[in-house]
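If you use UniProt numbering, the sequence shown closes out at 420, no skipped numbers anywhere. Beta carbons are placed, not taken as given, at the ideal position from N, Cα and C, and that holds for glycine. A quick note: this is a predicted structure, and the numbers were derived from the prediction, not measured. Notes for the one structure printed next.
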Amino acid sequence: MEQTESGAAPPTLGVGMVGYAFMGAAHSQGWRTAGRVFDLPLRPVLAAVAGRDATAVRAAARRHGWAAAETDWRTLIARDDVQLVDVCTPGDSHAEIAIAALEAGKHVLCEKPLANSVAEAETMAAAAEAASTRGQISMVGFNYRRVPALSYARSLVTDGRLGTLRHVRVSYLQDWLVDPAFPLTWRLEREHAGSGALGDLGAHAVDLAQYLTGELLVGVSALTETFVRKRPLLAGAAPGGLGGGVASEAYGQVTVDDAALFTGRLASGALASFEATRMAAGRKNALRLEINGERGSLAFDLERLNELSFHDHTEPAVSAGFRRILVTEPDHPYLEGWWPPGHGLGYEHTFAHQARDLVHAVASGIAPAPSFADGLQVQRVLAAVEDSARNSAVYTPVPVPVAVPTPVPVPDSAPDSVPR
Ligand SMILES: NC(=O)c1ccc[n+]([C@@H]2O[C@H](COP(=O)([O-])OP(=O)(O)OC[C@H]3O[C@@H](n4cnc5c(N)ncnc54)[C@H](O)[C@@H]3O)[C@@H](O)[C@H]2O)c1
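Okay, here's the thing in structure tokens:
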């Protein structure tokens, strides 16, 4: 057991998790690891996991190290040994579980996208706001903020190394839906997933664009497409993760997008472009982004997540150019607990970083980011994308909180066709 500097074991933070498949496994790994790697003020204890199938949830508890298994998330929330509820279920149950947990006095971590609609996300953000006055902490699981290279990228932007921002481009490409025989899992049904590649991948892209720039998107223009509109129904139980499971002979309707492309304008006037698809053959988890400013640029690819490319445009042109920063130095974000320089990290480490930051937030009472309000703002962008796509890609404003600066004025010479 870890000890504090005084030699005493830190107090515990009992965690209860709902859902135990893909994100359940990743979050379990994060909760198990964070306290062993980082010096934490509270020791996360994997108190109980909840699922609907008694045999499966007991097996998951054993595999992932949870002390108890529950078959009803309400029972999990009511447990005295659970102080934090971690929601790892599809979007259709986020609001109900998270709000119940907040009302029961628990801290909450909720997977992304925060909800399946803006209305749900608004209710969740209001519940989180009310709970914060009682000292409760809420956070959304946008884990890519916790890739060290991206946390470091954020500090380059805030330190002014890129200067005034001009462009943000983010693409998030996967290929597990290329095969038309891939069955109709919950991720392809609007009632469960809210949207398709848009909410699944586009939500990360939007969150990262807003996090890295420190600005909100104020409007979007979008195209979406569902290339394969009917898929085989599942023959048996739904598999976890991105797996397809067993297909039956019968077909059902795909009710979400396969791909979403959109442009956007940030509050400062910088322009952004986004692409989210699960139909990019050969691309497995290619989250790529580039930001261009007056003083420099940065670029990142999740498939090479220990690296950040940075170009300092203030250097003499003869020697300037993109250089590769290996983000594994002890002074880089989150690296203090890990391996010597060059001994890289991977996808799973982002969940340990997420758990670390959340534990610090609970111990200090300081609200962490991304908050439910941040999750709501992403949801508003997703809704504006869908509205725009329904209306032939018309530029669609995103409602922004009043404190955000309004877009830069349109110069008189700007062509009328440029939407604001
Ligand atoms: N942060 C990321 O990078 C990332 C990656 C994948 C998924 N996600 C998000 O995580 C969430 C879960 O996705 P996943 O990939 O783990 O899905 P999954 O299908 O692998 O697992 C879902 C789990 O929820 C359980 N479940 C479903 N409905 C339930 C209910 N009503 N009550 C209790 N349990 C229920 C299922 O039995 C399963 O254990 C989604 O919101 C998804 O968007 C985030």
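{"Check": "Which stretch, first to last residue, makes up the alpha helix (DSSP H) that contains residue 45?", "Outcome": "Careful: residue 45 lies outside any alpha helix (DSSP H), inside the beta strand (DSSP E) at 43-50."}
{"Check": "By Cβ distance, which residues of its chain are closer than 6 Å to residue 384, with the 5 residues on each side in sequence left out?", "Outcome": "220, 396 and 398"}
{"Check": "Determine the closest residue to residue 353 out of 251, 44 and 232, with distance taken between C-alpha atoms.", "Outcome": "44"}
{"Check": "Looking only at DSSP bridge pairs, what is residue 172 linked to?", "Outcome": "276 and 287"}
{"Check": "Would residue 359 pass as a contact of residue 25 if the rule is Cβ separation under 9 Å?", "Outcome": "no"}
{"Check": "In angstroms with no decimal places, state the Cα-to-Cα distance between residue 19 and residue 61.", "Outcome": "11 Å"}
{"Check": "Using DSSP with H/G/I as helix, E/B as strand and the rest coil, what is residue 177?", "Outcome": "coil"}
{"Check": "Cβ atoms of residue 298 and residue 313: under 9 Å apart, would you say?", "Outcome": "no"}
{"Check": "Any chance the CB of residue 195 is under 8 Å from a heavy atom of ligand 1?", "Outcome": "no"}
{"Check": "What residue ranges within the stretch 318-393 form continuous beta strand (DSSP E) runs of no fewer than 3 residues, ordered along the chain?", "Outcome": "323-326"}
{"Check": "Could you say which of 262, 97, 214 and 241 lies nearest to residue 72 if we only look at CA atoms?", "Outcome": "97"}
{"Check": "Give a yes or no on contact between the stretch 134-146 and the stretch 201-220, applying the rule of three or more CB pairs nearer than 8 Å.", "Outcome": "yes"}
{"Check": "Thinking just about the alpha-carbon of each residue, which of 280, 343 and 13 is nearest to the one in residue 363?", "Outcome": "13"}
{"Check": "Can you tell me where the beta strand (DSSP E) holding residue 14 begins and where it ends?", "Outcome": "12-18"}
{"Check": "Whole angstroms is fine: what's the gap from residue 89's alpha carbon to residue 40's?", "Outcome": "27 Å"}
{"Check": "Once the 5 residues before and after residue 184 are set aside, which same chain residues still bring their CB inside 7 Å of it?", "Outcome": "231, 232, 233, 234, 252 and 254"}
{"Check": "State buried or exposed for residue 402, treating a residue as buried only when at least 16 other CB atoms are found within 10 Å of its CB.", "Outcome": "exposed"}
{"Check": "Flag this pair as touching only if the stretch 278-294 and the stretch 122-136 have three or more C-beta atom pairs under 8 Å; answer yes or no.", "Outcome": "no"}
{"Check": "Please classify residue 259: does DSSP put it in a helix, a strand, or coil?", "Outcome": "strand"}
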